[in-house]
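Participant: So for the sequence shown, the numbering used here puts the first residue at 21; every next one is plus one.
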Amino acid sequence: MDDDRPVALDEYPVHQAPLSMKHHISGDRNAYDRCIFHVFDHAGRALLIAGLGVYPNTGVIDAYATLRTGDRLHAVRASDALGDDRTRLEVGPLRITVDEPLRRFTLSCAADPADPDGLSFDLTWTGDFPTLWEPHHLQRTGGRLTLEGRRFVQAGCCAGTVTAGGERFDVTAGEWTGTRDRSWGVRPIPGEEPGRAAETRPEGFHWLWIPMRFDDRFVMVVAQEDADGYRTLNQAQLVREGHRDAQLGWPRTEIAYRSGTRHPESAVVHLTDPTGKPLEIGVEVLASSPLAVGAGYPPAGDWQHGTWQGRDWTDRRVYDLSDPTAHPLAGYGVTDHSARFTLEGRTGYGIFEHGSFGRHDPSGFADFTSTAP
């Protein structure tokens with residue numbers, strides 16, 4: 021049978037188990053392997069998010085791209101049956117090419133001949149700093165392992181073009197910044213019977229993922245907290261070329277939310293350097309893109325990652341974000357904000373990814389309906 025034959029990657033000494041590289045070591049249907057790229061300008065006019073994922077135990081490969089510009093969110097999503105060539109990172113019109121591992125990539129979305137105003141792009145993404153491991157992410161619900169992920173993050177510059185809605189953006193280094201995240205492990209795919217886990221969902225979840233690129237340094241902050249503020253994931257690290265990475269203490273973030281929402285408008289990240297000296301990073305939100313709208317992250321109602329859509333499925337659409345009530349699920353998902361950061365006279369750019377759902381005592385949120393005063 022064809023399923024018993026080796027694949028091309030089996031020729032290389034990369035095996036981690038006595039299995040073909042076609043097969044995942046775990047039989048968990050939620051096994052995944054994916055990436056996300058951010059490309060955004062420093063004026064807040066455009067925020068492009070693109071990613072691709074492989075789900076080896078459900079036989080799915082999918083990809084997406086969204087562009088937030090003004091109140092419009094242009095989205096392209098594609099899904100197909102997973103093939104044997106794991107080096108071919110391409111689904112429908114979306115493609116990622118690894119030109120130089122850990123440093124340079126080509127990101128592209130082919131134009132739709134039937135829709136000349138649709139989203140398309142051709143970009144080179146180049147890392148300016150070494151990759152950084154994020155903490156091993158482990159989460160159980162009702163005693164069951166629901167998430168185990170290994171991730172690394174990187175910041176860099178971008179060049180190329182992005183077109184949508186009759187507008188063309190010329191992406192240039194110095195005026196645009198890029199970040200990316202690469203992850204794999206186990207992460208919930210919609211459609212599985214949750215069992216008892218449905219009765220043991222947490223009262224609250226508070227998440228921050230903040231990659232910050234400055235000219236001479238990269239700062240990464242990750243924090244996840246339970247309803248009472250207990251920290252379950254934590255990292256604050258400084259990366260500089262030619263230096264050993266430095267730990268920056270226990271991060272604490274003060275967020276100024278828009279009244280009546282949990283939408284951050286600005287923030288201050290409090291850190292300490294290795295000598296104990298306090299460091300403060302100012303955050304100014306530039307543009308916002310809710311991942312539950314267009315990008316396939318839960319609790320998206322129209323499409324989520326890893327779900328079988330049939331062969332050669334492609335979907336293009338434009339969302340109107342001018343009325344938040346038109347997308348009620350967006351507030352219960354993570355949102356990526358492009359942001360300007362200030363640190364000791366330096367100005368940097370990056371992503372302020374945030375989600376706060378349910379109770380969070382440090383923020384004064386009592387339940388899922390609570391918002392900022």
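Heads up, the beta-carbon is just placed ideally off N, CA and C, and yes, glycines get one too.
A quick note: this is a predicted structure, and the numbers were derived from the prediction, not measured.
(1) Using a 10 Å radius around the Cβ and a threshold of 16 neighbouring Cβ atoms, would you call Trp145 buried or exposed?
(2) What are the start and end residues of the beta strand (DSSP E) that includes Leu122?
(3) Suppose the cutoff is 6 Å on Cβ atoms and the five residues either side in sequence are ignored; what does the same chain contact list for Leu363 look like?
(4) Of the residues Glu110, Arg106, Asp105, which one's Cα is nearest the Cα of Ser99?
(5) Would you decide whether Glu373 is buried or exposed? Buried here means 16 or more other CB atoms lie within 10 Å of its CB.
(6) Going straight from the alpha carbon of Gly64 to that of Val305, what length do you get?
(7) By alpha-carbon positions, which one of Glu120, Gly138, Pro113 ends up nearest to Pro129?
(8) For Gly17, is the classification buried or exposed, using 16 other Cβ atoms within 10 angstroms of its Cβ as the cut-off for buried?
(9) Buried or exposed for Phe388, please, with buried defined as at least 16 other CB atoms from any protein chain shown within 10 angstroms of its CB.
(10) If you run the structure through DSSP and keep just helix, strand and coil, what is Asp395?
(11) For the pair the segment 197-209 and the segment 253-271, tell me if three or more CB-CB distances fall below 8 Å.
(12) Give the straight-line distance between the Cα atoms of Leu93 and Thr197, rounded to the nearest whole angstrom.
(13) Starting from the Cα of Arg170, find the closest Cα among Leu158, Ala134, Ala256, Gly138 and give me that residue.
(14) Any idea which residues DSSP pairs Thr144 with across the strands?
(15) Can you tell which of Val259, Leu228, Tyr339 has its C-alpha closest to the C-alpha of Leu253?
(16) Tell me whether the segment 344-361 and the segment 316-331 touch, counting them as touching only if at least three CB pairs, one residue from each stretch, are closer than 8 Å.
(17) What do you reckon, are the CB atoms on Phe149 and Val259 nearer than 9 Å?
(18) Could you name the residues of the same chain whose beta carbon sits closer than 7 Å to that of Glu223, not counting the 5 residues immediately before and after it, in chain order?
(19) Within its chain, find whatever has a CB closer than 7 Å to the CB of Ile115; leave out the 5 residues flanking it on each side and keep chain order.
(20) Secondary structure at Asp397, three-state DSSP: helix, strand or coil?
(21) Within a Cβ cutoff of 6 Å, which residues of the same chain sit near Asp48, ignoring the five residues on either side of it in sequence?
(22) Take the Cβ of Val313 as the centre, count every other Cβ of all protein chains shown within 10 Å, and call the residue buried at 16 or more, exposed below.
(23) Run through the segment 31-75 for me and flag every whole beta strand (DSSP E) of 3 or more residues, listed as ranges in chain order.
(24) Using the beta-carbon count (16 or more within 10 Å), is Asp201 buried or exposed?
(25) Under the assumption that Ile69 contacts Ser309 (Cβ atoms under 8 Å), give the Cβ distance between them as a whole number of angstroms.
(26) How many Å lie between Asn50 and Glu274 at the Cα?
(27) So, at 6 Å on beta carbons, what are the nonlocal neighbours of Arg337 in its own chain, with the 5 sequence-adjacent residues on each side left out?
(28) Under DSSP, the beta strand (DSSP E) around Asn254 begins and ends at which residues?
(29) Looking at Gly79 and Trp328, is the spacing between their C-beta atoms short of 9 Å?
Facilitator: Taking the structure as given:
(1) Trp145 is buried by the Cβ-count criterion.
(2) Here Leu122 belongs to no beta strand (DSSP E), and DSSP marks it neither H nor E.
(3) Ile301.
(4) Considering only alpha carbons, the answer is Glu110.
(5) Counting the other CB atoms within 10 Å of its CB gives Glu373 a total of 16 or more, which places it among the buried residues.
(6) Going from the Cα of Gly64 to the Cα of Val305 covers about 8 Å.
(7) Before going further, note that residue 129 is Cys rather than Pro in the sequence given. Between Cys129 and the set Glu120, Gly138, Pro113, the nearest pair of CA atoms involves Pro113.
(8) A query on residue 17 cannot be resolved here, the shown segment of the chain reaching from 21 to 393 and no further.
(9) Phe388 is exposed by the Cβ-count criterion.
(10) No information on residue 395 is available, as it lies outside the stretch 21 to 393 that the chain covers here.
(11) In short, these stretches do not touch, since the Cβ pair count stays below three.
(12) Between Leu93 and Thr197, the C-alpha separation is close to 19 Å.
(13) Closest option to Arg170, Cα to Cα, is Leu158.
(14) Thr126, Ala179, per the DSSP bridge assignment.
(15) Ranking the options by Cα distance to Leu253, first place goes to Leu228.
(16) At 8 Å Cβ cutoff, the stretches touch.
(17) Yes.
(18) Take Glu223, set aside five residues on each side of it, and the residues of its chain with a beta-carbon closer than 7 Å to its own are Ala247, Gly378, Arg379, in chain order.
(19) In the sequence under discussion, the amino acid at residue 115 is Arg, which differs from the Ile named in the question. Excluding sequence neighbours, Arg115 sits near Leu109, Ser128.
(20) The requested residue 397 is not part of the displayed model; the chain covers only 21 to 393.
(21) Correct list, in chain order: Val206.
(22) Taking a 10 Å sphere around the C-beta of Val313, we find 16 or more other C-beta atoms and assign the residue as buried.
(23) Counting only runs of 3 or more, we get 51-61, 67-75.
(24) Under this definition Asp201 is a buried residue.
(25) Ile69 to Ser309, Cβ: 6 Å. Contact.
(26) Looking at the two C-alpha atoms, the distance is approximately 34 Å.
(27) Cβ within range, chain order: Ala95.
(28) Start and end: 251-259.
(29) Their beta carbons are under 9 Å apart, which means Trp328 touches Gly79 by this criterion.
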